[in-house]
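**Q** Take 457 as the starting number for the sequence shown in this note's numbering and just add one per residue.
Pasting a structure below so you can have a look.
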Amino acid sequence: MNTLSVVVPVLNDAEHLAVLLDLLARQTRVPDEIIVVDNGSTDNSAHWAEAAGARVIHQPLPGILAAAAAGYEAATGEVIIRCDADTRPPSDWVHRINEHFTRSEKLGAVTGPGRFYDMPGIIGASASFFYVAAYFLGIGGAVARVPLWGSNMAFRREIWPGVREQLDLRSLGIHDDLEFTCKLEPGTITRFDRKLLVGAAGRIFSRQGGFRDSVGVALRTLQLNGAAAGVRERWRMRLGL
């Protein structure tokens, strides 16, 4: 059986975090540890985390890339699960992740989609579908693999050192999950499970210019990793041609 660590980077996310920690406590397979990385919060995020029994570490270096990396470094589990404070996992989420890694020893990482729980009816459903399609198909095509999504992803701890040595933790204005994806070895198997569904806050749509800004950050991340100009080469390596 795998040992499982959950890593949650936070910055003034106390209200969201309290809900998430309650949902993690109700999992059918409770994680072995929960690590909350405080990236300079001025609210009571750390208080909520400690009250819920989570391990709190502080990362003074700004940016979600540095915060997430600090959590991965501190994690002791054989499988590291990453989500955001506003993630809303169903009760079997951790169990389902564990099953993936139990069934396949060659699996490096797994990820799944999200549904924007704070957007009503058809608007929320449409926005969720559009976002998932754009990210997993559009970005996936650019990086020639299933891209990991930070609100809902997990990976074997053994692949982390190879990623870590390539990261510049001072980098800002990039998507840390996409940066992680781009640093994976070509042979690392990443899997998308459409049933590994979580709720997520639709902040990129509720904030004016949010989606546009997110796309811009994604393109910058790809550009820094040479993916925008090297799609053909990435696919050649991926297919072993």
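C-beta atoms are modelled at their ideal positions from N, C-alpha and C, and glycine is treated no differently.
With 16 as the cutoff for other CB atoms within 10 Å, does R482 come out buried or exposed?
**A** Burial call: exposed.
**Q** If we define contact as Cβ-Cβ less than 9 Å, is A502 a contact residue for chain B?
**A** Judged by its chain identifiers, the structure shown contains no chain B, having just a single protein chain.
**Q** What are the partner residues of M575, as DSSP defines its beta bridges?
**A** Paired residues: none, contrary to the question.
**Q** Going by beta-carbon coordinates alone, are R647 and L563 separated by less than 9 Å?
**A** Yes; because the gap between Cβ atoms is below 9 Å, this pair is in contact.
**Q** Could you say if the segment 563 to 578 and the segment 495 to 508 meet the contact criterion of at least three C-beta pairs nearer than 8 Å?
**A** Not touching, per the Cβ criterion.
**Q** How far does the beta strand (DSSP E) with E731 in it extend, from its first residue to its last?
**A** It is not possible to answer for residue 731, since the shown part of the chain is limited to 457 through 697.
**Q** Pick helix, strand or coil for T637, following the three-state DSSP scheme.
**A** The answer is helix: DSSP assigns T637 an H, G or I state.
**Q** Since P465 is in the beta strand (DSSP E), which residue starts that stretch and which ends it?
**A** Segment 460 to 466, the beta strand (DSSP E) holding P465.
**Q** What's the call for A472, buried or exposed, on a 16-neighbour Cβ count within 10 Å?
**A** The sequence shown places His at residue 472, not Ala. Under this definition H472 is a buried residue.
**Q** Compute the distance between the beta-carbons of L480 and V550, then report whether it is under 9 Å.
**A** In contact: L480 and V550 (Cβ atoms closer than 9 Å).
**Q** For T646, which residues does DSSP report across the bridge?
**A** Paired residue(s): A565.
**Q** Taking 8 Å as the line, does the beta carbon of G682 fall inside it for any heavy atom of the ligand SAM?
**A** Absence of the ligand SAM from the depicted structure is noted, as is the absence of any ligand whatsoever, leaving it without description.
**Q** Going by beta carbon distance, what residues of the same chain come within less than 6 Å of A524, once the five residues before and after it are set aside?
**A** Counting only Cβ-Cβ distances below 6 Å, and skipping sequence neighbours, we find P465, D632.
**Q** With DSSP as the reference, identify every bridge partner of A656, one or two as the case may be.
**A** Beta-bridge pairing links A656 to F572.
**Q** What's the C-alpha gap between L634 and L521?
**A** Near 10 Å, if we compare the C-alpha coordinates of L521 and L634.
**Q** Leaving out the 5 sequence neighbours to the left and right, which residues in its chain are closer than 6 Å to N458 when beta-carbon positions are compared?
**A** Same-chain partners within the cutoff: E534, V535, N554, F557.
**Q** What's the call for D624, buried or exposed, on a 16-neighbour Cβ count within 10 Å?
**A** The residue is exposed, with fewer than 16 neighbouring Cβ atoms inside 10 Å.
**Q** By the 10 Å Cβ neighbour count, where 16 or more other Cβ atoms means buried, how is I579 classified, buried or exposed?
**A** That one is exposed.
**Q** Do R485 and G655 have their beta-carbon atoms positioned less than 9 Å apart in this structure?
**A** The answer is no: Cβ separation not under 9 Å.
**Q** Report, in whole angstroms, the separation of the C-beta atoms of V619 and L640, which I expect to be a contact under 8 Å.
**A** Correct: roughly 6 Å between the Cβ atoms.
**Q** Given this structure, state the Cα-to-Cα distance separating E489 from V462, to the nearest angstrom.
**A** One C-alpha to the other measures close to 6 Å.
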